[in-house]
Ligand SMILES: N[C@@H](CCC[C@H](N)C(=O)O)C(=O)O
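This is the structure:
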């Protein structure tokens, strides 16, 4: 039998497997299987919690289509909660190895000594320039023109270990993400595909965001995408560095700070939903 847990960070839900106890032989296929709501459990993908030789723990994250990603902001917070609540650590400052380097987590326990929220030092944002002549350095990064489904958008491309294209729009509620999301994801500009954030600026401390995730479709939240969004908002002059920005997503809110040294801090909740057991599927 395979024991798994379902957890979510503001609705971005993954199946978590504790690989200190379980062995997963084919995580790509297992992610596709488990993510399916009818034949599996239903999730945005699969997260493995593993031992690490360079940090306290290690994370591997697979999208619902089985592709492995470099980083996942919401899963970092959930792993922080999992390892503390399950008694795998008694530290509230832990390090987590990811495919995009080591991330540092601060865990905040509630009155029952269960973790309710987690702060993650997400490392440095990397700006992705456009390859056309420009007048200034900043112009190389912001408002890059892209034509999608015959319509022109201005996007700011930011890597948080994984790639994000951030598009600011006057409103995002009426967008047909099932249609434009895949067109961004598979656009010829992104041979490795891309996560796309559609963002409305509410004021200089508040943003609203919807996201189409590479490999999983529209999700209720994306941690790395929210960080990329705040970085893009600062670059475009909507927000300021060192100020806490509240981002409203479909599943809840995240608090993000883009620092002077280009590192990004993310703060948000982590929720344990249930533990399950299943026969290891015939993949
Ligand atoms: N939901 C995640 C990001 C998951 C990976 C992404 N879809 C990719 O392929 O890069 C988050 O919270 O950051």
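In the numbering used here, the protein residues as written are 972 to 1254.
For each residue, glycine too, the CB sits at the ideal point set by N, CA and C.
Integer Cβ distance of residue i from residue j, believed to fall under 8 Å
i, j, result
"residue 1263", "residue 1078", "No information on residue 1263 is available, as it lies outside the stretch 972 to 1254 that the chain covers here."
"residue 1129", "residue 1155", "Rounded, the Cβ-Cβ distance is 14 Å, inconsistent with contact."
"residue 982", "residue 1223", "7 Å"
"residue 1210", "residue 1218", "Wrong, their Cβ atoms sit about 10 Å apart, outside the cutoff."
"residue 1086", "residue 1051", "6 Å"
"residue 1021", "residue 1033", "With 8 Å as the limit, residue 1021 and residue 1033 do not qualify as a contact, their Cβ atoms being about 13 Å apart."
"residue 1284", "residue 1220", "Residue 1284 is absent from the model: the chain starts at 972 and stops at 1254."
"residue 1158", "residue 1099", "Not a contact, Cβ separation roughly 14 Å."
"residue 1228", "residue 1197", "That belief does not hold up - the Cβ atoms of residue 1228 and residue 1197 are roughly 12 Å apart, past 8 Å."
"residue 1143", "residue 1115", "With 8 Å as the limit, residue 1143 and residue 1115 do not qualify as a contact, their Cβ atoms being about 19 Å apart."
"residue 1015", "residue 985", "6 Å"
Identified DSSP bridge partners for residue i
i, result
"residue 1123", "1118"
"residue 1142", "Paired residue(s): none; residue 1142 is not in a bridge."
"residue 1223", "1220"
"residue 1192", "The partner list for residue 1192 (beta bridge, DSSP) is empty, contrary to what the question assumes."
"residue 1159", "According to DSSP, residue 1159 bridges with nothing at all."
"residue 980", "983"
"residue 1234", "1095"
"residue 1022", "Partner(s): none; residue 1022 has no beta bridge."
"residue 1174", "1177"
"residue 1078", "1089"
"residue 1111", "Answer is none; residue 1111 lacks a bridge partner."
"residue 1153", "Answer is none; residue 1153 lacks a bridge partner."
"residue 1203", "According to DSSP, residue 1203 bridges with nothing at all."
Straight-line gap, residue i to residue j (C-alpha atoms, nearest Å)
i, j, result
"residue 932", "residue 1183", "Since the first residue of the chain shown is 972 and the last is 1254, residue 932 is not available in this structure."
"residue 1126", "residue 1113", "7 Å"
"residue 1092", "residue 987", "21 Å"
"residue 1071", "residue 1132", "5 Å"
"residue 1160", "residue 1060", "43 Å"
"residue 1013", "residue 979", "12 Å"
"residue 1000", "residue 1037", "6 Å"
"residue 1207", "residue 1233", "15 Å"
"residue 995", "residue 1121", "43 Å"
"residue 1139", "residue 1171", "6 Å"
"residue 1243", "residue 1107", "47 Å"
"residue 1225", "residue 1047", "14 Å"
"residue 1149", "residue 1181", "12 Å"
"residue 1080", "residue 1212", "28 Å"
"residue 1023", "residue 1064", "16 Å"
"residue 1199", "residue 1135", "7 Å"
Buried or exposed by the 16-neighbour rule on C-beta atoms within 10 Å, applied to residue i
i, result
"residue 1230", "exposed"
"residue 992", "exposed"
"residue 1245", "exposed"
"residue 1082", "exposed"
"residue 1027", "buried"
"residue 1109", "exposed"
"residue 1162", "exposed"
"residue 974", "exposed"
"residue 1235", "buried"
"residue 977", "buried"
"residue 924", "In the structure displayed, the chain extends from 972 to 1254; residue 924 sits before or after that span and is not available."
"residue 1253", "exposed"
"residue 1058", "exposed"
"residue 1173", "exposed"
"residue 1249", "exposed"
"residue 1062", "exposed"
"residue 1029", "buried"
"residue 1009", "exposed"
"residue 1124", "buried"
"residue 1251", "exposed"
Close beta carbons around residue i, own chain, < 6 Å, minus the five adjacent residues each side
i, result
"residue 1177", "1217"
"residue 1044", "1194, 1195 and 1237"
"residue 1203", "1127, 1129 and 1137"
"residue 1041", "1070, 1071, 1132 and 1133"
"residue 1031", "1019"
"residue 1049", "978, 980 and 1241"
"residue 1089", "1048, 1051, 1076, 1078 and 1241"
"residue 1003", "1037"
Close Cβ partners of residue i (< 8 Å) along its chain, the five nearest in sequence each way excluded
i, result
"residue 1073", "1025, 1026, 1066 and 1067"
"residue 1152", "1167, 1183, 1188 and 1189"
"residue 1095", "1232, 1233, 1234 and 1235"
"residue 990", "1019, 1020, 1021 and 1022"
"residue 1205", "1211, 1212 and 1229"
Contact test: residue i Cβ vs ligand 2 heavy atom, cutoff 7 Å
i, result
"residue 1185", "Ligands in the displayed structure: ligand 1; ligand 2 is not one of them."
Other residues of its chain near residue i: CB distance less than 7 Å, five sequence neighbours each side excluded
i, result
"residue 998", "1017, 1019, 1031 and 1033"
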